[in-house]
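*Asks:* Here you go, one structure.
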Amino acid sequence: MDYEVVVIGGGIGGLTAAALLATRGVNVCLLERQSLVGGCLANIEHLGYQFEPTYGLYLGWEPNGIFARIFSELPVAPPRVHRLSPAYVVRLPDGIDVAVSDDSNAFEDQLRKSFPESAEATVEFYRQLVQHEVRSSRWNSSNRDLTRILQSCSLRFRRFIDIQLQTFAQCSSENCPADLAALALNPHDGRWEIEGGGQALADSLAESLMQSGGTLRLDSPVLRLAYGPEGSAVGVDLLSGERVIATRGIISNLTVWDTYGKLIGPSRTPPTISSQLRKLQSPGAYLLLLDMDREAVSRLPSRRILALTDLQDDQPYDPKTAQLVFNAASDLDRRAPQNKLAVTVSAFTNAEDWFSFHEDHNTHAEQDQKMLEQIWSRLHSAIPELRDSVEVIESATPQSFYETTRRKFGMIGRPHSEQAMLNGLSKTHLSNVFIVTDTTSSGLGIAGVVESAHVLTSIIDKISA
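If you want the numbering used here, it's the 1-based position in the sequence shown plus 1275.
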C-alpha cells in the first residue's frame, strides 16, 4: 500500500501528528504494534481496574492552550478535563503538607508557614517564577544551575523544589535549566485531570484520524525502514513481510534510541549521532497499582500527593529513594469496582537494572517483590492516613513497559541531557524521516509532545509528494 505519510507508533505524539495531517487532507497511515493506542500513556487494565500509568496531572488545557489549538482543527470533541486547584500536595518528611495552588495569596501564605526558616526567600522565588523573568540576568535560560538562585533558601525548600522538578521535568535543581524549571513550577500554569485518564485523549485522537479518512492499523509491528536503490527511505517493512510506501514522509513515534537502533539501523546511523545516543539515558518507572476504598479519600490532603520521603541532606538529590507520587482516580472515572478507586503509586528506578537477568525470570520476580515491599513500607510511612484502605492489585516494572511498548529498557520520559542535543535529534539525518516523542520534546509532559507534533505537521505540510 502507498500513503503520503506513514506514522510508526500510536503514542500521543504519533496520534496527534497523524490526526492533524489527516484532517488537512493528507493520506496518512498509522502503524501500531499493540492492539490499542496510547503507548506508555495507555491505561493498564487488570482484574476489572483501569490504572493510569501517569501522575494524572496534565498541562496545556487552558483556553488557547495547545490542546485547544489542536482540537479546533479536529472533527471530534476533546476528552472532558477539569482544572485542579490545588493541583497537588507536596508532603515533606516532617509531615507538613504544601498545597500547590494558583491562588497567589493562599499559596504565599502556605510557603511562609511551611518554610519559616527562609520564608521571604521562598516567596520571592515563586514571585520571580510567576513573573516569567526567565530571560533576565537572574533567570538566564542558559543557566543550568538553579542552586545559585536557591542559595538563600533552606534545604527543606530546595527539596520541595527538587521533587517537583524531578516529577515534571526529570531533573533536579542542580542540573535543570532555569527556563525549564519555570515551566515546571509555575503554579499559575495550572494542572488538569482527564476523565478516563490519558487513554481518553489517545482514543479521541484515534477517532479523529479515522473520521478524517486516515488509516489506523493495530497489531502491525514495524521491522525497519525500507530503502530505495539510492539509499533513501521509501517506506517501512512490517514484521509480516509487507512493505508500506511513504511518498512524502515517515514519522517515528518511537524513542530516539529505537528510531535509530531499530528503524534506521546502526549501519545507517552517522557515528556522531551514535555517540550522542550512547550518552543519553532516561529514568525507569516502578508502579504499584492499588485498590483503595473510596471513603479513604476524605482522610487525604489531596488525590495527588508528591511525597518527599527523605531530605538527603548529605548527598545530591536521588529521586529513587527520596520520593513517591500518589495518584488516586477521580470520582468521575469508572475505572474500578463500586466504592473503590484505582490508585497508581510511582517511583523512579534504574531501568537497566531490570534487564540484567534476562535469562532468569525468577530473578525478575524476586526483584519485583523486593521493590514492592520497599515501596509499600515507604508509602505507609509517608501517608499513614491510608491505613488498611489500600490493597496491591499489581505492579509494573521497566520490563513491563518494555513488553508493551518495546521502548529501550522500558525507559520513560525525557533523557538526562542538554536540551540542545535533544532538539538536534528531533530531525534525523534522512530528509524525509522525523521523530516525535517524549525523548526529543523540548516541552513538558504530554503537552510538550503534542506541541512538537503540531510543529512537525507544519513542516511536513511544506514537503511536496
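Built from N, CA and C at the ideal position, the CB exists for glycine as well. Computed from a predicted model, the values in this text were never measured in an experiment.
Check whether the stretch 1521-1538 touches the stretch 1560-1576, counting contact only when three or more Cβ pairs, one atom from each stretch, lie closer than 8 angstroms.
*Replies:* Output reads no: the stretch 1560-1576 does not touch the stretch 1521-1538.
*Asks:* I need the DSSP call for residue 1520, collapsed to helix, strand or coil.
*Replies:* On the sequence shown, position 245 is the one that residue 1520 refers to. Residue state, collapsed to three classes: strand.
*Asks:* Compare the C-beta of residue 1685 against all C-beta atoms of chain D and say whether one is closer than 8 angstroms.
*Replies:* Of the protein chains in this structure there is only one, and it is not chain D.
*Asks:* Distance check for residue 1356 and residue 1486, CA to CA, integer angstroms please.
*Replies:* In the sequence shown, the residue the question calls residue 1486 occupies position 211. In the sequence shown, the residue the question calls residue 1356 occupies position 81. Their Cα atoms are separated by approximately 22 angstroms.
*Asks:* Compare the beta carbon distance of residue 1400 and residue 1440 with 8 angstroms and say whether it is the shorter of the two.
*Replies:* Here the question's residue 1400 lines up with position 125 in the sequence shown. Here the question's residue 1440 lines up with position 165 in the sequence shown. Not closer than 8 angstroms, so no.
*Asks:* What do you get for residue 1538, buried or exposed, if any count of 16 or more other CB atoms within 10 angstroms of its CB means buried?
*Replies:* Here residue 1538 is taken as the residue at index 263 of the sequence shown, counted from 1. Flag for residue 1538 reads buried.
*Asks:* Along the alpha helix (DSSP H) that carries residue 1441, what are the first and last residues, could you check?
*Replies:* As a working mapping, residue 1441 is identified with position 166 in the sequence shown. Taken as a continuous stretch (DSSP letters only), the alpha helix (DSSP H) holding residue 1441 covers 1430-1444.
*Asks:* Residue 1562: which of 1479, 1587 and 1667 sits nearest, CA to CA?
*Replies:* By 1-based counting over the sequence shown, the position of residue 1562 is 287. Of 1479, 1587 and 1667, the residue nearest in Cα terms is 1667.
*Asks:* Assuming residue 1362 contacts residue 1332 under a Cβ cut-off of 8 angstroms, what Cβ separation, rounded to an integer in Å, is found between them?
*Replies:* As a first step, residue 1362 must be located in the sequence shown, where it is residue number 87. As a first step, residue 1332 must be located in the sequence shown, where it is residue number 57. Confirmed, about 6 angstroms.
*Asks:* Report all residues from its chain with a CB closer than 6 angstroms to the CB of residue 1302; omit the five preceding and five following residues, and keep chain order.
*Replies:* Counting from one through the sequence shown, the residue named residue 1302 turns up at place 27. Result list for residue 1302: 1278 and 1279, in chain order.
*Asks:* Report back the beta-carbon spacing between residue 1311 and residue 1293 to the nearest angstrom; my notes put them in contact at under 8 angstroms.
*Replies:* Looking up residue 1311 in the sequence shown gives position 36. Looking up residue 1293 in the sequence shown gives position 18. About 15 angstroms separates the two Cβ atoms, so there is no contact after all.
*Asks:* So, under 8 angstroms CB-CB, residue 1575 and residue 1660 are touching, yes? Tell me the CB distance rounded to an integer number of Å.
*Replies:* For the purposes of this step, residue 1575 is taken as residue 300 along the sequence shown, with counting starting at 1. For the purposes of this step, residue 1660 is taken as residue 385 along the sequence shown, with counting starting at 1. Yes, residue 1575 and residue 1660 are in contact; Cβ-Cβ is about 6 angstroms, under 8 angstroms.
*Asks:* Of all the beta strand (DSSP E) runs that stay within the bounds of the stretch 1332-1369, which reach a length of 3 or more residues?
*Replies:* The stretch 1332-1369 contains these whole beta strand (DSSP E) runs: 1356-1359 and 1363-1366.
*Asks:* State the start and end residues of the unbroken beta strand (DSSP E) segment that holds residue 1287.
*Replies:* For the purposes of this step, residue 1287 is taken as residue 12 along the sequence shown, with counting starting at 1. Careful: residue 1287 lies outside any beta strand (DSSP E), inside the alpha helix (DSSP H) at 1287-1298.
*Asks:* Following the continuous alpha helix (DSSP H) through residue 1552, name the residue where it begins and the one where it ends.
*Replies:* Here the question's residue 1552 lines up with position 277 in the sequence shown. Run containing residue 1552: 1546-1554, per the alpha helix (DSSP H) assignment.
*Asks:* In three-state terms, what does DSSP make of residue 1619?
*Replies:* Working through the sequence shown from its first residue, we reach residue 1619 at position 344. In this structure, residue 1619 counts as strand in the three-state DSSP scheme.
*Asks:* Considering residue 1276, what are the terminal residues of the beta strand (DSSP E) in which it resides?
*Replies:* Taking the first residue of the sequence shown as position 1, residue 1276 is located at position 1. Note, residue 1276: premise wrong, no beta strand (DSSP E); not H, not E.
*Asks:* Can you have a look at residue 1540 and say buried or exposed, based on whether 16 or more other CB atoms are within 10 angstroms of its CB?
*Replies:* The residue you call residue 1540 lines up with position 265 of the sequence shown. It is exposed - the Cβ of residue 1540 has fewer than 16 other Cβ atoms within 10 Å.
*Asks:* Could you pull out every residue in the same chain whose Cβ sits closer than 6 angstroms to the Cβ of residue 1627, ignoring the five residues on either side in sequence?
*Replies:* Start at 1 with the first residue of the sequence shown, and residue 1627 comes out as number 352. Excluding residues within five positions, the ones whose Cβ falls inside 6 angstroms are 1684.
*Asks:* In three-state DSSP terms, what is residue 1731?
*Replies:* For this step, residue 1731 is matched to residue 456 along the sequence shown. Note: residue 1731 maps to helix in three-state DSSP.
*Asks:* Please work out which residues of its chain come closer than 8 angstroms, Cβ to Cβ, to residue 1360, disregarding the five sequence neighbours upstream and downstream, and give them in chain order.
*Replies:* Position 85 of the sequence shown, counted from the start, is the residue given in the question as residue 1360. Once the five neighbours on either side are set aside, the close Cβ partners of residue 1360 are 1376, 1377, 1378 and 1465.
*Asks:* Relative to the C-alpha of residue 1600, which residue among 1640, 1442 and 1586 is closest?
*Replies:* As a first step, residue 1600 is located in the sequence shown; it is residue number 325 there, counting from the start. Per the Cα distances, 1442.
*Asks:* For residue 1462, which option in 1309, 1398 and 1494 has the closest C-alpha, if you only look at C-alpha atoms?
*Replies:* The sequence position of residue 1462 within the sequence shown is 187, counting from 1. Nearest C-alpha to residue 1462: 1398.
*Asks:* Of all the options 1618, 1338, 1339 and 1544, which has the alpha carbon lying nearest to the alpha carbon of residue 1325?
*Replies:* Here residue 1325 corresponds to residue number 50 of the sequence shown, with the count starting at 1. It is 1618.
*Asks:* Does residue 1392 pass the burial test, meaning 16 or more other C-beta atoms within 10 Å, or should it be called exposed?
*Replies:* The sequence position of residue 1392 within the sequence shown is 117, counting from 1. By the 10 Å Cβ count, residue 1392 comes out exposed.
*Asks:* Classify residue 1638 as helix, strand or coil using the three-state DSSP reduction.
*Replies:* Indexing the sequence shown from 1 puts residue 1638 at position 363. In the structure shown, residue 1638 sits in a helix (DSSP, three-state: H, G or I).
*Asks:* If you scan the stretch 1494-1544 from start to end, which runs of the beta strand (DSSP E) of 3 or more residues do you find wholly inside it?
*Replies:* As far as the stretch 1494-1544 is concerned, its whole beta strand (DSSP E) runs of at least 3 residues are 1497-1502, 1508-1513 and 1518-1527.
*Asks:* By a C-beta neighbour count over all protein chains shown, 10 Å radius and 16 as the cutoff for buried, is residue 1730 buried or exposed?
*Replies:* Translated into the one-based positions of the sequence shown, residue 1730 becomes position 455. When all chains shown are included, residue 1730 counts as exposed.
*Asks:* Mind checking which residues open and close the beta strand (DSSP E) that includes residue 1709?
*Replies:* In the sequence shown, counting from the first residue as 1, residue 1709 sits at position 434. Start and end: 1708-1710.
*Asks:* Do residue 1716 and residue 1689 have their C-beta atoms within less than 8 angstroms of each other?
*Replies:* Taking the sequence shown and counting its residues from 1, one reaches residue 1716 at position 441. Taking the sequence shown and counting its residues from 1, one reaches residue 1689 at position 414. Cβ distance < 8 angstroms, so residue 1716 and residue 1689 count as in contact.
*Asks:* I'd like the list of long-range same chain contacts for residue 1588, defined as Cβ closer than 7 angstroms, with 5 residues on each side in sequence excluded.
*Replies:* Translated into the one-based positions of the sequence shown, residue 1588 becomes position 313. Hits under 7 angstroms: 1430.
*Asks:* Could you check whether the stretch 1508-1523 touches the stretch 1636-1649, counting it as contact only if at least three pairs of C-beta atoms, one from each stretch, sit closer than 8 angstroms?
*Replies:* As far as the Cβ criterion goes, the stretch 1508-1523 does not touch the stretch 1636-1649, which means the pair count is below three.
*Asks:* Flag this pair as touching only if the stretch 1383-1390 and the stretch 1516-1527 have three or more C-beta atom pairs under 8 angstroms; answer yes or no.
*Replies:* They do not touch, by the three-pair rule.
*Asks:* Tell whether a beta-carbon distance below 8 angstroms holds between residue 1368 and residue 1581.
*Replies:* Taking the first residue of the sequence shown as position 1, residue 1368 is located at position 93. Taking the first residue of the sequence shown as position 1, residue 1581 is located at position 306. Contact: no.
*Asks:* From the DSSP secondary-structure annotation, give me the bridge partner or partners of residue 1603.
*Replies:* Here residue 1603 corresponds to residue number 328 of the sequence shown, with the count starting at 1. Note: residue 1603 sits in a beta bridge opposite 1618.
*Asks:* Please name the residue, chosen from 1448, 1535 and 1558, that lies closest to residue 1552 on a Cα-to-Cα basis.
*Replies:* The sequence position of residue 1552 within the sequence shown is 277, counting from 1. Comparing Cα-Cα distances from residue 1552 to each of 1448, 1535 and 1558, the minimum goes to 1535.
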